[in-house]
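Worksheet: the structure to be examined is printed underneath.
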Amino acid sequence: MFWTCSRTRLASPWQAHLARHLSRSPDRSFSPAATRRLPLPAQYGSLRTSPPSVVAQLTGAGGLKPFAERLEPPRVRRQVLFTILASVGVFCLAASETIDETIATEGSMRSLGGIWAVKQASSYELMVQRKRSFDQSLLAIMNYLHEAVESLPNFTAHQILMTYYQIAQPLVETSEGRRTCWTIGTISAAMFLLWKIPSMRPFLNRHFTHDPLSGKSYTMLTSLLSYKSFFHFALTSTTLASFGAITAHHFQQKRINNPDRYPIESTVKWELLAFIISAGLFGMLYTHVAALRFQYPRLISRLTSSAILERNALALQKVGAAPAKMAGPTSLRPLLGMSAAAYAALTYSILAFPDVSFDLFGLFPIPREWLFHACMLFDLVGVICAPLLGYWPRYWNHFAHMGGACFGAMYYQYGDAFWVYTRIAVLTVKIQWLTFWEAFQ
-12 MFWTCSRTRL ASPWQAHLAR HLSRSPDRSF SPAATRRLPL PAQYGSLRTS
38 PPSVVAQLTG AGGLKPFAER LEPPRVRRQV LFTILASVGV FCLAASETID
88 ETIATEGSMR SLGGIWAVKQ ASSYELMVQR KRSFDQSLLA IMNYLHEAVE
138 SLPNFTAHQI LMTYYQIAQP LVETSEGRRT CWTIGTISAA MFLLWKIPSM
188 RPFLNRHFTH DPLSGKSYTM LTSLLSYKSF FHFALTSTTL ASFGAITAHH
238 FQQKRINNPD RYPIESTVKW ELLAFIISAG LFGMLYTHVA ALRFQYPRLI
288 SRLTSSAILE RNALALQKVG AAPAKMAGPT SLRPLLGMSA AAYAALTYSI
338 LAFPDVSFDL FGLFPIPREW LFHACMLFDL VGVICAPLLG YWPRYWNHFA
388 HMGGACFGAM YYQYGDAFWV YTRIAVLTVK IQWLTFWEAF Q
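First residue of the sequence shown? That's -12 in the working numbering, and the numbers climb one at a time after it.
Below you can see the structure in the form of structure tokens.
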């Protein structure tokens, strides 16, 4: 060939090196003979091997290790850290808001002059002043509406004013703790209505329900206000409003009756809100761990069983037999709702006022201890049956209720000291920050 002949006449060293390099390159070869750089399939067998089927991977057929043994259980470290950090953060924020509102209320009392200009107000006096300010704000709105509807027909103006009166009067007559629970219930009602919009359901399923297998942590917080069922929403909101108000009343009584043990406070709504959110997170974490500990292994077992049934379904159909159906769900149910917080408030109120009766639907009174023991017995049976019998509650989250009850009991025992220390720490940080900011300016 011409290329081969011309290659021998290259004289310079770099031309000889280039010629040797080109002679080794398969892209520059003009030889019609086939290259033998790769093994031929006819001599060495086919190099294309099909991967094992899903059924073989799940069941361990063909010498493979079963899928259940190769799969590592999900970890709960991130969820535990999120629960702790979120609870501490919520209590710190609640302490900061309580300090700010107490200072503002105390300043408004000093502006009245007289003895309040020199006297240190107590928690009771600050709470009374705050209640008076709240009533005056509602009255100011009433006066504004009265002036705004003067130009309207008498019937229309009367209906507007009566509607506002029907809304404002219960707010005036009820306690601050119950109003806080009503606010939570209003937000939950809005979330319940969002679930009725089909286009919103995919977004709500991703961000407002907690799936233990998703690996997410923030959904433990966002799912607390989410409700799909009206019965779940109504029962939880009613229970939380009843026993949350009693819990807030006990907070107030401790501040009023023991002024030497607690710093002055003008409001307890922020402590109640932190209590409710932390109880919901604790109950959600309790259910998360229980689902991964008891329900997750059975879920893997059901998936393996479904693979075996799928493998044998064709053979069963050939002989005329109906293929067997897999028993039990193949996914973990998403978690949502604030039932753990309602149980925490129930437990706290029972421990705080054990001798007070509870009017069941306003018909007849029953001791609260009976109600508490009945609920705890029902949930305890559900918690015991879940790991032993493979039963997982579909409509009643026993693990969340038990977690909420444990949180309520712990807060009744240690919550006062934790709240006082949190307030002192937050107040110290705020003072140091103000000192630094003034020096910086």
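All residues carry an ideal CB built from backbone N, CA and C; glycine is no exception.
- Between the alpha carbons of P321 and M207 lies a distance of about 10 Å.
- Among the bridge pairs identified by DSSP, S326 is matched with none.
- Distance from the CA of V416 to the CA of A82, rounded to the nearest whole angstrom, comes to 11 Å.
- For M187, the CB contacts under 8 Å within the same chain, skipping 5 residues up- and downstream, are L181 in chain order.
- A277 places its beta carbon less than 8 Å from that of F386.
- In the structure shown, S344 falls within a strand segment according to DSSP collapsed to helix, strand and coil.
- For N245, no alpha helix (DSSP H) segment is defined, and its DSSP state is neither H nor E.
- Counting the other CB atoms within 10 Å of its CB gives T226 a total of 16 or more, which places it among the buried residues.
- Here the segment 226 to 236 lies against the segment 330 to 342, with 3 or more beta-carbon pairs under 8 Å apart.
- A direct Cα-Cα distance of roughly 48 Å separates G270 from I102.
- In this structure the segment 123 to 143 does not touch the segment 85 to 99; the number of beta carbon pairs closer than 8 Å is below three.
- For the pair T70 and L272, the CB atoms are nearer than the 8 Å cut-off.
- Per the DSSP secondary-structure output, H197 pairs in a beta bridge with L322.
- Short of 8 Å from the beta carbon of R65, and not among the five residues preceding or following it, lie these beta carbons of its own chain, in chain order: G202, S204.
- In the three-state scheme derived from DSSP, where H, G and I count as helix and E and B as strand, I371 is classed as helix.
- Around D122, the same chain offers V159 as residues with beta carbons nearer than 7 Å, after the five sequence neighbours per side are excluded.
- By the C-beta criterion, the segment 236 to 244 is judged not to be in contact with the segment 353 to 362, since fewer than 3 inter-stretch pairs fall below 8 Å.
- Annotation for V159: the continuous alpha helix (DSSP H) segment containing it runs 141 to 160.
- Look at R62 here: in three-state DSSP terms it is coil, with no helix or strand label.
- For R165, the CB contacts under 8 Å within the same chain, skipping 5 residues up- and downstream, are A228, G231, A232, A235 in chain order.
- Within the same chain, and ignoring the five residues on either side of E84 in sequence, the residues whose Cβ sits closer than 6 Å to its Cβ are W257.
- Put simply, of F238, P250, K215 the residue whose alpha carbon is nearest the alpha carbon of S109 is P250.
- DSSP places T254 in no alpha helix (DSSP H); its state is neither H nor E.
- When only Cα atoms are considered, V255 and A404 end up about 15 Å apart.
- Here the alpha carbon of P61 sits roughly 21 Å from the alpha carbon of F195.
- In the DSSP assignment, K118 falls within the alpha helix (DSSP H) that extends over 110 to 135.
- The beta carbon of M96 sits closer than 6 Å to the beta carbons of W103, A108, Q116 from its chain, once the five residues preceding and following it are set aside; these are given in chain order.
- Taking C-beta atoms as the reference points, M389 and L211 fail to come closer than 8 Å.
- Between F217 and F262, the C-beta spacing is not below 8 Å.
- Here the alpha carbon of K118 sits roughly 43 Å from the alpha carbon of V370.
- As summarised for the segment 180 to 226, the continuous alpha helix (DSSP H) elements at least 4 residues long and confined to that stretch are 188 to 194, 206 to 209, given in chain order.
- Separation of L279 and L68 (C-alpha to C-alpha, rounded to the nearest whole angstrom) is 17 Å.
- Rounded to the nearest angstrom, the Cβ distance from G391 to A327 is 3 Å, consistent with a contact under 8 Å.
- Proximity to W169 across F359, A221, F238 peaks at A221, based on C-alpha coordinates.
- In this structure, DSSP gives L260 a helical state, which the three-state scheme calls helix.
- The continuous alpha helix (DSSP H) containing K417 extends over residues 385 to 427.
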